[in-house]
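Colleague: Residue numbers (our numbering), protein chains in the order written: chain D, 1 to 316; chain L, 1001 to 1487.
Beta carbons: idealized from backbone N, C-alpha and C, even for Gly.
Here it is: the structure, laid out below.
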Amino acid sequence: MRRFWGHLMAFLLLTAVVYMAFLLLLILVRPNGHPLLPDTGDYYKEFGKNTWAGHREFDPRTAYDVVIIGSSHAYRGYDPHIFQEHGHRAFNLGSTAQTPLNTYFLIRDLLDSSNAPLLILDAYEGMMASSGLESISDLALNQAHIKPVLGMAWALRDIRAINVVAYGLVYQHLGTASPAPDYKGLGFSSRTDSTATPAPPPKGPASLSPQQRHYMAKIVELCREKGIRLVVASHYGRRNKRGTFHVPLATFVDSMLRGTDIPYLDYNSVAGIGDHDWFCDANHLNYTGARIFTEQLVDTLETLGYLPRKPISSRP
Amino acid sequence: MLFNSFEFICIFFPLVTGLYFVLPHRWRWLLLLVASCWFYMAFVPVYILILAFTILVDYFAGIWIEGSEGRRRKLLLTASILANTGVLAFFKYYHFLNENLGALVEGLGFAYNVPDLGIILPIGLSFHTFQSLSYTIEVYRGHQKAERHPGLFALYVMFYPQLVAGPIERPANLLNQINATVPGTGMRSGFDAQRVIEGLRQMLWGFFKKLVIADRCAVVVDQVYGAPGQYGSLSIALATYLFAVQIYCDFSGYTDIARGAARVMGFNLMVNFRTPYRSTSISEFWKRWHISLSSWFRDYLYIPLGGNRVVKWRWYWNLMIVFLVSGLWHGADWTYVIWGGLHGGYLVLAIICAPLLARFTKGIGLDRLPRLKHALNVFITIQLVSFAWIFFRADSVHDSFTLVQRLFVQVPLDISKLIEQLPRGAFGVTLIMTGLFILIDPLYDAWTLKEKRLPRGLAGELAYALLLALIILFGYFGSASFIYFQF
């Protein structure tokens, strides 16, 4: 038996060495100036751009009044500068394709009641059907903290997480990154163009994966334990992402929050949404849309007492 | 439970194997039986009742057949066959028969209102039905003693490594090992580090075939076969060859994992594949492909029909019957019937044309070039088998004929449209990995089937470490099931 275990350990060690050698080879070989590894699978993300800029700017030691978290829906839809204009220190910790699974570990390891007394979680159908692998790939490459990435990689139970974490850890020391041109600071990115594409016909209801539902519920529990006040919100949706499509998410969030004091501020289908002028693509608000939405959100949060309404004279 | 799932790799397999070696020999059957139930019930729990029915029927049938003679003995065997095939027919063929009968009756101008019951096919039904049937037939023939221990018999039908996709075992091999009549194997085996390592290595090879080759090929194949009217000759040919690789790696990969998992515990399951794409004829192909099924049909259908010891037309008839039934065994659809018919047709044609071909090869002097002749035969066999796979893989008869028509008529050789529509990296990595596999597979089979082990020491370790690294780096983890589960 001892011989077997010794053999197994030696084999695993040898595999780790062979694996790393392969990985390095696929990173260092750059036929078009880019490493070869991302061309072997569609789940590898780019080094740099929005997450890199936002998450490297984020300082967990800073006492923010409010932190926004979620996917690109969050970092393009919620403008922290509007919060600042109202006298609230804010940061947007959204990242590409971030799902509730990823969000849970970011909150667990980076946030508490001292740096995020109020947390706004963007609930978006698009991320409720994803596994979270894409986000792990993005975060492993582009943010500086390893602990949440390892946590989410283990929780995912997907062997590809090994690749994206290994690639992220190695390549962030070898590659060169630059922020996305549309990065506006405080974790917020925004485009000024308007979409020219009409919304395609409505699809069926959005699907919500059991794992992401589970992590949504865990986020609520975690925030309660950490003393973080949580607000769940959904920003404006384009015509085809309203009504039937949005119902499963709204129903789920409502039922999940029943019995808690956490509000669900659902702006998905409010009247007067400028489908053409306020969106830059099929899902994301443009600069105008984000400003209008964030103004409305801040006003609601102040009205509900989640943020103090500060006199204009005290605002920066 | 899937072999390529987290639950199997990280929980089920280590737990069951660990407990197996910790428990005293007399309790191992119970552990394996409970584990097999757990494994099976991970799919559709209630379908365990179908297995229980099969086990009960054949357990008592075996004992009663052994104790009877003459007409009664035959009657009991018939009852067992009817009960087993009845379950198979109901769950697997009800929808197919109902649909076709409905079309026929309505075509004749009558109303047809028999409802479709929306039955979900129990996983691996065809496999364990055939395995259980082989037991009663062997008892009837006097080749096998009836098993008196209901637990051991249940384990023979349900042994988890080969429960859902074979190999379809015979009682002479598996039941005797479960009964520990073969010294040093099966239930009485101790922990043998070398054997455990060899079993794990075989599993690793199976995972490589499934995750790196089969599932990657599937991405390209599904793209083309999912839109048969969109692609030209080269794309269809490429997808068809890749499907030939995919189905081989998917199914033989499953078999390797099954044989490896059983080997770890000291059980030797039968060999199911012997590099089938190196066959020089269709007849040889069926001696190398899904051996446990083709030998089942040979022993329990072809030979009882008279085999080749009958007049020629009857021999051809027997071959066609066996392959049409084999087609239907694979799936309740006309595409599978056509696939089986094609293979039967190939064999009949090969027999009819054999003298002509012999004269032709002699006439052109090919006989004097045995290597070239061998290579040509392998090439032709691959083409014939691949052509038949079109019908096996297509979603409908209409799709299969569309593909065949476009394969020969729509000749643009441009595959850029196909490459564009695939996920990033899918095409290049698939071709590289498939090429690598085509090089390695014959070597691996030579090492393992001819009892020559891989080079020992660092070279052997390095080979398997490389395999595991390739699985992690290039495995395709988006697909779930094994193709043969549906049969």
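From the DSSP output, read off the bridge partner residues of Tyr183(D).
Modeller: The count along the first sequence starts at 1 and reaches residue 183(D) at position 183. Tyr183(D) pairs with Ser189(D).
Colleague: On a CA-only basis, which of Cys1217(L), Ser1396(L), Lys1362(L) is nearest Gly1229(L)? Give me that one, please.
Modeller: Counting from 1 along the second sequence, the entry for residue 1229(L) is found at position 229. Cα-wise, what sits closest to Gly1229(L) is Ser1396(L).
Colleague: Can you pull the chain L neighbours of Ile136(D), defined as C-beta to C-beta under 9 Å?
Modeller: To locate residue 136(D), count along the first sequence from 1; it is residue 136. None at all; the shortest Cβ gap to chain L is about 13 Å.
Colleague: Can you tell me the Cα-Cα spacing of Leu1174(L) and Asp1116(L), whole angstroms?
Modeller: Taking the first residue of the second sequence as 1, we reach residue 1174(L) at position 174. Taking the first residue of the second sequence as 1, we reach residue 1116(L) at position 116. Looking at the two C-alpha atoms, the distance is approximately 38 Å.
Colleague: Which value, in whole angstroms, describes the spacing of the CA atoms of Phe279(D) and Ser255(D)?
Modeller: If you number the first sequence from 1, residue 279(D) lands on position 279. If you number the first sequence from 1, residue 255(D) lands on position 255. Rounded to the nearest angstrom, the two C-alpha atoms are 29 Å apart.
Colleague: Listing by chain order, which chain L residues have their CB less than 7 Å from the CB of Gly41(D)?
Modeller: Working through the first sequence from its first residue, we reach residue 41(D) at position 41. Ordered by position in chain L, the residues that pass the 7 Å Cβ test against Gly41(D) are Gly1425.
Colleague: Would Phe47(D) count as contacting chain L if we go by Cβ distances under 8 Å?
Modeller: Taking the first residue of the first sequence as 1, we reach residue 47(D) at position 47. So no, Phe47(D) is outside the interface.
Colleague: Taking Cβ to Cβ, would you say Val1429(L) is nearer than 8 Å to Thr40(D)?
Modeller: Taking the second sequence and counting its residues from 1, one reaches residue 1429(L) at position 429. Taking the first sequence and counting its residues from 1, one reaches residue 40(D) at position 40. Yes, the pair counts as a contact, with Cβ atoms nearer than the cut-off.
Colleague: Does Lys1210(L) pass the burial test, meaning 16 or more other C-beta atoms within 10 Å, or should it be called exposed?
Modeller: The count along the second sequence starts at 1 and reaches residue 1210(L) at position 210. It counts as buried.
Colleague: Can we say the region 1104 to 1115 of chain L touches the region 1141 to 1155 of chain L, given the rule of at least three CB pairs closer than 8 Å?
Modeller: The region 1104 to 1115 of chain L is not in contact with the region 1141 to 1155 of chain L.
Colleague: Can you check which of these residues, Gly48(D), Arg242(D), Thr195(D), Leu297(D), is closest to Leu282(D) by C-alpha distance?
Modeller: Translated into the one-based positions of the first sequence, residue 282(D) becomes position 282. Reading off the sequence shown, one finds Ala at residue 282(D), where the question assumed Leu. Measuring from the Cα of Ala282(D), the nearest candidate turns out to be Thr195(D).
Colleague: What does the alpha-carbon distance come out to for the pair Lys218(D) and Asp1058(L)?
Modeller: The count along the first sequence starts at 1 and reaches residue 218(D) at position 218. The count along the second sequence starts at 1 and reaches residue 1058(L) at position 58. If I take the Cα positions, the gap works out to 50 Å.
Colleague: Provide the residue(s) that pair with Val67(D) in DSSP beta bridges, ordered along the chain.
Modeller: Position 67 of the first sequence, counted from the first residue, corresponds to residue 67(D). Answer is Phe91(D), Leu119(D).
Colleague: Assign Val1224(L) to one of two classes, buried (16 or more other C-beta atoms within 10 Å of its C-beta) or exposed (fewer than that).
Modeller: In the second sequence, residue 1224(L) corresponds to position 224, counting from 1. With 16 or more Cβ atoms within 10 Å of its Cβ, Val1224(L) is classed as buried.
Colleague: Counting only the same chain and skipping the five closest in sequence on each side, list residues whose C-beta sits under 7 Å from that of Met216(D).
Modeller: For the purposes of this step, residue 216(D) is identified with residue 216 of the first sequence, where counting begins at 1. Within the same chain, Met216(D) has close Cβ partners Pro100, Met256.
Colleague: Within the continuous beta strand (DSSP E) that includes Val231(D), where are the two ends?
Modeller: Residue 231(D) sits at position 231 when you count from the first residue of the first sequence. Its beta strand (DSSP E) spans residues 229 to 234.
Colleague: So what's Tyr264(D) in DSSP terms, helix, strand or just coil?
Modeller: Indexing the first sequence from 1 puts residue 264(D) at position 264. In this structure, Tyr264(D) counts as strand in the three-state DSSP scheme.
Colleague: When the Cα atoms are used, what is the spatial distance from Ala173(D) to Ser209(D)?
Modeller: Walking along the first sequence from the start, residue 173(D) turns up at place 173. Walking along the first sequence from the start, residue 209(D) turns up at place 209. According to the sequence displayed, residue 173(D) carries His and not Ala. Straight-line Cα distance between these residues: approximately 35 Å.
Colleague: At a CB-CB cut-off below 8 Å, which residues of chain B make contact with Ile1472(L)?
Modeller: This model lacks chain B altogether, as its protein chains are D and L.
Colleague: Mind checking who Leu285(D) pairs with in its DSSP beta bridge?
Modeller: Within the first sequence, residue 285(D) is the residue found at index 285, counting from 1. Leu285(D) pairs with Phe279(D).
Colleague: Could you tell me whether the Cβ atoms of Asn268(D) and Gly289(D) are closer together than 8 Å?
Modeller: One-based indexing of the first sequence puts residue 268(D) at position 268. One-based indexing of the first sequence puts residue 289(D) at position 289. Cβ atoms of Asn268(D) and Gly289(D): not closer than 8 Å.
Colleague: Work out the CA separation of Gly227(D) and Pro201(D) for me, nearest whole Å.
Modeller: In the first sequence, the residue the question calls residue 201(D) occupies position 201. In the first sequence, the residue the question calls residue 227(D) occupies position 227. So the two alpha carbons sit approximately 42 Å from each other.
Colleague: Just curious, the alpha helix (DSSP H) that Asn1173(L) is in, first and last residue?
Modeller: Along the second sequence, one-based indexing puts residue 1173(L) at 173. Where Asn1173(L) is concerned, there is no enclosing alpha helix (DSSP H), given that its DSSP letter is neither H nor E.
Colleague: When the Cα atoms are used, what is the spatial distance from Ala1089(L) to Arg1298(L)?
Modeller: The residue labelled residue 1089(L) in the question sits at position 89 within the second sequence. The residue labelled residue 1298(L) in the question sits at position 298 within the second sequence. Taking the straight line joining both Cα atoms gives about 21 Å.
Colleague: Show which residues of chain L have a CB atom less than 8 Å away from the CB atom of Leu24(D).
Modeller: As a first step, residue 24(D) is located in the first sequence; it is residue number 24 there, counting from the start. Per Cβ cutoff of 8 Å: no residues; Leu24(D) is ~12 Å from chain L at best.
Colleague: Pick helix, strand or coil for Tyr43(D), following the three-state DSSP scheme.
Modeller: Within the first sequence, numbered from 1, the residue matching residue 43(D) stands at position 43. In the structure shown, Tyr43(D) sits in coil (DSSP, three-state: anything other than H, G, I, E or B).
Colleague: Using 10 angstroms around the beta-carbon of Ile1438(L), count the other beta-carbons present and answer buried if the total reaches 16, otherwise exposed.
Modeller: Here residue 1438(L) refers to the residue found at position 438 when the second sequence is read from its first residue. Result: exposed.
Colleague: Would you mind telling me which residues of chain D sit closer than 8 Å to Phe1477(L), beta carbon to beta carbon, in chain order?
Modeller: As a working mapping, residue 1477(L) is identified with position 477 in the second sequence. Within 8 Å Cβ-Cβ: Asp158, Ile159, Arg160.
Colleague: Report, in whole angstroms, the separation of the C-beta atoms of Gln1202(L) and Arg1274(L), which I expect to be a contact under 8 Å.
Modeller: Looking up residue 1202(L) in the second sequence gives position 202. Looking up residue 1274(L) in the second sequence gives position 274. Wrong, their Cβ atoms sit about 15 Å apart, outside the cutoff.
Colleague: Could you check if Arg1072(L) belongs to the surroundings of the ligand NAD, using beta carbon to heavy atom distance under 7 Å?
Modeller: Among the components modelled here there is no ligand, and therefore nothing to report on the ligand NAD.
Colleague: Determine, using beta carbons only, whether Met1(D) comes closer than 8 Å to chain L.
Modeller: Start at 1 with the first residue of the first sequence, and residue 1(D) comes out as number 1. With 8 Å as the cut-off, Met1(D) counts as an interface residue toward chain L.
Colleague: Round the Cβ separation of Thr15(D) and Ala1193(L) to the nearest angstrom and send it over; I've been treating them as touching at under 8 Å.
Modeller: Counting from 1 along the first sequence, the entry for residue 15(D) is found at position 15. Counting from 1 along the second sequence, the entry for residue 1193(L) is found at position 193. Rounded, the Cβ-Cβ distance is 18 Å, inconsistent with contact.
Colleague: Strictly under 8 Å for the Cβ-Cβ distance: is Phe4(D) near chain L by that measure?
Modeller: Counting from one through the first sequence, the residue named residue 4(D) turns up at place 4. By this cut-off, Phe4(D) is an interface position.
Colleague: With DSSP as the reference, label Thr1378(L) as helix, strand or coil.
Modeller: Counting from one through the second sequence, the residue named residue 1378(L) turns up at place 378. The question names Thr, but residue 1378(L) in the sequence shown is Val. In the structure shown, Val1378(L) sits in a helix (DSSP, three-state: H, G or I).
Colleague: Hey, does Val1378(L) have any beta-carbon neighbour from chain D nearer than 8 Å?
Modeller: Here the question's residue 1378(L) lines up with position 378 in the second sequence. Not closer than 8 Å to any Cβ of chain D, the Cβ of Val1378(L) fails to qualify, so no.
Colleague: Counting C-beta neighbours from all protein chains within 10 Å, is the total for Gly132(D) 16 or more, i.e. buried, or is it exposed?
Modeller: Position 132 of the first sequence, counted from the start, is the residue given in the question as residue 132(D). So Gly132(D) counts as buried.
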